[in-house]
Amino acid sequence: MIKDEKIKISIVIPVYNCERYLDNCLNSIINQTYTDFEVIVVDDGSTDKSCEIYKCYEEKDQRIKIIKQKNSGVSKARNKGIDNAKGKYLFFIDADDIIKSNMLEVMYNSIVKNDGDIAFSGFKVKGNNLRHNDTIALKELCDGKDVGVVTNEEVIVKTISTTPGEVLYGYIWRNLYRMDIIKENNIRFLDGVKISEDFMFILEVLDKCKNVIIVPQELYIYNINDLSVTAKYIDTLHEDMNFINEWMFNNICNKYKSVLDGYYCCIANTYLGFIQNICRKGTPYSILERIRLAYKVKKEYKYKIVLNKLWKQKNKFRKKAWIGISLFNFNLDLIYIILFSLKEIKNG
2 MIKDEKIKIS IVIPVYNCER YLDNCLNSII NQTYTDFEVI VVDDGSTDKS CEIYKCYEEK
62 DQRIKIIKQK NSGVSKARNK GIDNAKGKYL FFIDADDIIK SNMLEVMYNS IVKNDGDIAF
122 SGFKVKGNNL RHNDTIALKE LCDGKDVGVV TNEEVIVKTI STTPGEVLYG YIWRNLYRMD
182 IIKENNIRFL DGVKISEDFM FILEVLDKCK NVIIVPQELY IYNINDLSVT AKYIDTLHED
242 MNFINEWMFN NICNKYKSVL DGYYCCIANT YLGFIQNICR KGTPYSILER IRLAYKVKKE
302 YKYKIVLNKL WKQKNKFRKK AWIGISLFNF NLDLIYIILF SLKEIKNG
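In the numbering used here, the protein residues as written are 2 to 349.
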């Protein structure tokens with residue numbers, strides 16, 4: 002085990018049945034050009050050969066520490082990693098992803114040199130051309146420079162935005178965080194929320210930051226595997242998204258008025274996400290029940306007010322999302338539900 006004072010970066014990896022990818026992930030970490038770090042592997046009750054893989058690395062590298070817990074979800078795994086971290090800075094990586102060999106060096110030097118509280122890097126998507134990165138938005142913040150220094154509000158606005166080319170995605174794994182900000186403000190992942198928990202974590206951290214460092218280089222490789230692509234019905238999705246929206250309004254929108262436009266777009270996306278979710282594999286609803294439920298929820302949560310406000314603002318959404326929002330605005334939800342359900346059946 003390396004001495005605590007030598008640890009500058011704590012890397013937290015939640016692991017659950019990742020035997021296909023874990024070797025590549027750990028290999029990309031131990032071969033970094035920057036070496037003053039610890040790796041905290043939190044095994045969330047894996048039942049495959051993940052244990053054999055990370056134990057092999059633990060035996061070879063004293064920087065690797067293993068923590069096991071019963072299967073409790075990724076939020077608890079990440080929180081356990083934070084609680085056991087000893088570094089000055091915190092970094093997350095998912096077990097099916099990898100990082101370029103100079104990522105930690107570039108990020109550490111950038112955040113230290115510019116007295117940053119959090120550093121964002123670019124990322125590259127591997128395995129699915131339907132997912133997008135946010136390199137364009139990062140470069141815009143840097144104004145042509147290799148590294149940019151911006152305010153937390155500038156980044157919060159882009160994180161809440163849905164506008165293509167402007168949005169910064171709320172992924173937690175491509176950032177370097179000042180550990181004291183997280184621990185002193187007791188920022189943790191919300192247990193029990195199945196979606197957008199990383200989005201909420203990012204906003205909580207940004208709210209406590211001043212200097213945000215932007216590194217547009219695509220240093221993180223986001224691997225879209227078969228399980229990532231296959232979206233299934235989530236019974237608490239609508240409840241979770243509304244909880245996040247309410248939290249965002251009370252804690253972010255009331256403080257940063259410039260994010261209100263983005264907030265309304267998030268509300269519209271919540272209804273879109275709800276409709277898509279009740280049509281996905283594993284849904285308990287028939288086609289007719291989906292249509293009835295959609296109109297009921299739309300009325301109950303007054304989504305029509307936001308949809309009517311936004312449907313003319315085509316530039317704020319990707320094309321497919323805007324088409325859905327336009328149909329919803331004109332009460333043609335059943336058309337979207339039928340078409341999306343057919344697409345889900347076709348995709349298996």
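Don't be surprised by glycine CBs; every beta carbon is placed ideally from N, CA and C. All values reported here derive from a predicted model rather than from experimental measurement.
Exposure label - F92; buried when at least 16 CB within 10 Å: Reading the sequence shown from its first residue, position 91 is the one you call residue 92. Buried is the call here.
Coarse secondary structure for V230, derived from DSSP in three states: Position 229 of the sequence shown, counted from the first residue, corresponds to residue 230. Its pLDDT being 49, under 50, V230 is placed unreliably by the model, and the measurement read from it follows with that caveat. Residue state for V230 is assigned as helix, using DSSP reduced to three classes.
Backbone secondary structure at Y223 - three-state DSSP: Residue mapping note: residue 223 aligns to position 222 of the sequence shown, counting from 1. In the three-state scheme derived from DSSP, where H, G and I count as helix and E and B as strand, Y223 is classed as strand.
Residue range of the unbroken beta strand (DSSP E) whose run includes R179: Taking the first residue of the sequence shown as position 1, residue 179 is located at position 178. Residue range N176 to R179 is occupied by the beta strand (DSSP E) that includes R179.
Start-to-end residues for the beta strand (DSSP E) that takes in E39: Indexing the sequence shown from 1 puts residue 39 at position 38. Note, E39: beta strand (DSSP E), F38 to D45.
Whole-Å CB distance - D262 paired with S197, under 8 angstroms assumed: The residue given as residue 262 occupies position 261 in the sequence shown. The residue given as residue 197 occupies position 196 in the sequence shown. Not quite, the Cβ-Cβ distance comes to about 19 angstroms (not below 8 angstroms), so this is no contact.
Beta-carbon contacts of I14 that lie in its chain and below 6 angstroms, excluding the five residues immediately before and after: Counting from 1 along the sequence shown, the entry for residue 14 is found at position 13. Cβ neighbours of I14 beyond the five flanking positions: V42, I94 and A96.
Three-state secondary structure (DSSP) of Q70: Numbered from its first residue, the sequence shown carries residue 70 at position 69. In this structure, DSSP gives Q70 an extended state, which the three-state scheme calls strand.
E247 burial status per 10 Å Cβ neighbour count (16 or more: buried): The count along the sequence shown starts at 1 and reaches residue 247 at position 246. With a threshold of 16 other beta carbon atoms within 10 Å, E247 falls short and is exposed.
Buried/exposed call for E301, threshold 16 Cβ in 10 Å: Counting from one through the sequence shown, the residue named residue 301 turns up at place 300. Burial state of E301 is exposed, judged by a 10 Å Cβ sphere holding fewer than 16 other Cβ atoms.
C-alpha distance - T237 paired with L273, whole-angstrom precision: Indexing the sequence shown from 1 puts residue 237 at position 236. Indexing the sequence shown from 1 puts residue 273 at position 272. Straight-line Cα distance between these residues: approximately 15 angstroms.
C-beta contact flag for V150 and I203 at 8 angstroms: In the sequence shown, counting from the first residue as 1, residue 150 sits at position 149. In the sequence shown, counting from the first residue as 1, residue 203 sits at position 202. Not closer than 8 angstroms, so no.
Sequence-distant residues of its chain with Cβ nearer than 7 angstroms to L23 (five each side left out): Counted from its first residue, the sequence shown places residue 23 at position 22. For L23, where only same-chain residues beyond five positions count, the Cβ hits under 7 angstroms are V16, S51, I54, Y55 and A96.
Per-residue burial, K7 [other beta carbons within 10 Å of its own, 16 or more giving buried]: One-based indexing of the sequence shown puts residue 7 at position 6. Its Cβ having fewer than 16 others within 10 Å, K7 is exposed.
Contained beta strand (DSSP E) runs [length at least 3] in the region 146-197, N- to C-terminal order: If one requires a minimum length of 3 residues, the beta strand (DSSP E) runs lying completely within the region 146-197 are 149-152 and 176-179, in chain order.
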